[in-house]
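Residue numbers (full-length UniProt numbering), protein chains in the order written: chain A, 1 to 110; chain B, 1 to 110.
Even for Gly, the Cβ is constructed at its ideal location relative to N, Cα and C.
I have placed the structure first, in the form of structure tokens, so that the comments after it can refer back to it.
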DNA sequence: CAGTTAATTAAGCAATAGGTTAATTAATGG
DNA sequence: CCATTAATTAACCTATTGCTTAATTAACTG
């Protein structure tokens with residue numbers, strides 16, 4: 001996948017509240033498909049598909065434990081999105097610029 | 001629109017390379033629809049629709065100048081996305097933690 | 001007013017997304 | 001072996017997306 005295609009997949013995956021909720025849940029720790037599905041008023045296959053979308057976009061890594069497929073979050077695509085957003089920081093304020101400057105100073109003095 | 005719906009719209013708008021390219025162009029300054037359309041191998045109505053999607057998601061504000069509808073970037077939804085991503089910073093490393101700490105130190109000493 | 005330029009709207013089309021229920025695969029445990 | 005649990009796959013449906021061409025609206029300009 002190209003970088004563009006990766007960003008496409010990452011943004012598309014996040015454009016859904018169920019999928020964002022699944023990621024939020026996984027940020028607390030691993031979970032099985034049934035555990036992830038529990039909070040939602042939709043069928044298990046529907047959740048299974050959401051998980052697949054997140055997996056294809058690189059947000060989720062999966063293991064195998066007996067019948068279970070434990071899901072774990074992989075934040076790499078989130079980092080890619082944060083990096084994308086950082087391109088625009090200069091447009092909306094100086095907080096990041098301050099941070100960058102402070103980090104730069106820190107580099108200089110270490 | 002709820003916060004969730006705003007995030008839905010923002011992420012969905014960004015899940016397309018044409019729209020991200022339009023935003024990148026607008027980060028350099030205002031542009032008309034025709035100017036924005038020029039780099040793309042697609043019809044003007046297609047670009048017009050992409051602009052509408054970005055506008056509905058809050059990324060673009062539009063003016064009126066004779067026949068022209070100048071487009072300008074509004075970074076508020078990008079900030080919202082950066083804020084969303086920040087929730088997960090702790091998962092992928094300590095760079096942000098360093099920044100936060102440095103900013104905190106800066107607050108303390110000013 | 002007539003013509004030109006800028007942009008949107010309308011109508012249509014193929015592909016994708018998000019959901020359903022039913023069937024299937026995979027592994028455990030009596 | 002059979003039943004149970006976990007999860008996916010299959011088949012299907014409706015709505016949305018992303019694009020097209022043709023028609024329309026809006027404003028300037030000779």
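7 Å Cβ shell around residue i - same chain, five flanking residues per side excluded
i                     : result
residue 37 of chain A : 44 and 47
residue 27 of chain B : 73
residue 30 of chain B : 70, 71 and 72
residue 25 of chain B : 31 and 36
Residue-level contact to chain A via CB, residue i, 8 Å cutoff
i                     : result
residue 85 of chain B : yes
residue 40 of chain B : no
residue 60 of chain B : no
residue 57 of chain B : no
residue 68 of chain B : no
residue 46 of chain B : no
residue 79 of chain B : yes
residue 51 of chain B : no
C-beta neighbour in chain B for residue i, strict 8 Å
i                     : result
residue 82 of chain A : yes
residue 73 of chain A : yes
residue 11 of chain A : yes
residue 8 of chain A  : yes
Neighbourhood of residue i by C-beta, 6 Å cutoff - its chain only, sequence neighbours within 5 removed
i                      : result
residue 63 of chain B  : 70
residue 104 of chain A : Residue placement at residue 104 of chain A cannot be trusted, given a pLDDT of 49 that sits under 50; the coordinates are not used to answer.
residue 54 of chain B  : 13, 19 and 60
residue 78 of chain A  : none
Inter-residue CB distance, residue i and residue j (contact presumed, cutoff 8 Å)
i                      : j                     : result
residue 13 of chain A  : residue 59 of chain A : 6 Å
residue 163 of chain A : residue 73 of chain B : Residue 163 of chain A lies beyond the residue range present for chain A, which begins at 1 and ends at 110; the question has no answer from this structure.
residue 75 of chain B  : residue 6 of chain B  : With 8 Å as the limit, residue 75 of chain B and residue 6 of chain B do not qualify as a contact, their Cβ atoms being about 14 Å apart.
residue 16 of chain A  : residue 8 of chain B  : 7 Å
residue 11 of chain B  : residue 40 of chain A : 19 Å between Cβ atoms; not a contact.
residue 82 of chain A  : residue 85 of chain B : 4 Å
Beta-carbon proximity list for residue i, same chain, < 8 Å, skipping 5 on both sides
i                     : result
residue 50 of chain A : 16, 18, 19 and 22
residue 1 of chain A  : 9
Anything in the segment 13 to 37 of chain A with a Cβ closer than 9 Å to a Cβ of chain B? List those residues in chain order, please.
13, 14, 15, 16, 17, 20, 23, 24 and 27
Suppose only complete runs of 4+ residues qualify. What are the alpha helix (DSSP H) ranges in the UniProt domain "HTH arsR-type" (1 to 93) of chain B, listed by chain order?
3 to 14, 17 to 26, 33 to 37, 44 to 56, 76 to 86 and 89 to 92
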